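Structure record follows, encoded as structure tokens.
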Amino acid sequence: MRFTLLVSAVAAALCFQASANDWPGHRFVEASFLSFEDKFEGERNDYSGYDLKGSFLINQHLFIMGEYSRVEDTVRFADGYDNYRIYNRAIGLGVITPVAPNTVLDLAGYFGNYRLEDKIVAGNVMFLDRDKYDYLKVEGTLRSMITPQVELYGRLGYEYLDESDIVDKSQFTQAIGLHYFLSRNLSILAEFERGDFLGGTYTQGRLGARFSF
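Numbering (mature numbering (1 follows the signal peptide of the UniProt record, and there is no 0)), first residue to last: -20 to -1, 1 to 193.
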């Protein structure tokens, strides 16, 4: 009986170590629901939408990642509505650095853009305004498998906006989150993020699911 328990404990430890070495966070497709709030010059706007991500492991130290998200808010009035949408697209390359048996540090650089659309319909009149902001972003993410089922992570980011109309082109972000693995390939996620956005500030919550391969 003791021998059986010892074998089981060793097998569990080896599986945990294998999952840490073969890190599940770099080969995946992911979809999540977004709740986004921004504040600019005393005004607050609430949006909702979705986020899609994908990552592919080039080798044990390099990965590429892509992201697409859309959030929107609609305000209705007597004879029409105002619909505001924010799109985000990005693609990047990252480096994986192990820092402990069950912990890794991801350093990644991204190129992306925000596209803003403001569509106002009043009676038979429609007004459409579009803006686009390109950016370069670097992020550092510390990930740790605290159990075989739970990954916790924290992320810091710096973003530079390539846009002459914005005075402060530097934006900073911070995020914390977790993944709970229902199986080796499927996990659910929750994340909270805050930072700077186009001269204002924002907070964002994400709930979703990830399929790792």
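C-beta: ideal position from N, C-alpha, C; glycine also. Remember, it's a predicted structure, so these values are computed and weren't measured experimentally.
Sixteen is the threshold: since fewer than 16 other Cβ atoms of the shown chains lie within 10 Å of the Cβ of Asn39, the residue is exposed. Shown here, His41 sits in coil according to DSSP, grouped into three states, outside any helix or strand.
Scanning its chain for C-beta atoms nearer than 6 angstroms, with the 5 sequence neighbours on each side dropped, one finds around Arg65 the residues Glu52, Glu97, in chain order. Contact between Ser28 and Ser15 holds, since their C-beta atoms are separated by about 6 angstroms, short of 8 angstroms. For Gly179, the secondary structure class from DSSP, reduced to helix, strand or coil, is coil. Contact annotation: Leu169 and Leu132 have beta-carbon atoms that are not nearer than 8 angstroms. Cβ-Cβ distances below 7 angstroms link Tyr61 to Thr54, Val55, Val101 in the same chain, with the five nearest sequence neighbours on each side left out; the list follows chain order.
Counting along the chain, the unbroken beta strand (DSSP E) around Glu97 starts and ends at 83 to 102. It is roughly 23 angstroms from the alpha-carbon of Ile126 to the alpha-carbon of Phe36. Here Tyr160 is exposed, its C-beta having fewer than 16 other C-beta atoms within 10 Å. DSSP places Gly22 in the coil class of the three-state scheme, outside both helix and strand.
A straight line joining the alpha-carbon of Lys99 with that of Glu17 spans about 19 angstroms. With respect to the 8 angstroms criterion, Tyr94 and Asn68 are classified as neighbours on the basis of their beta carbons.
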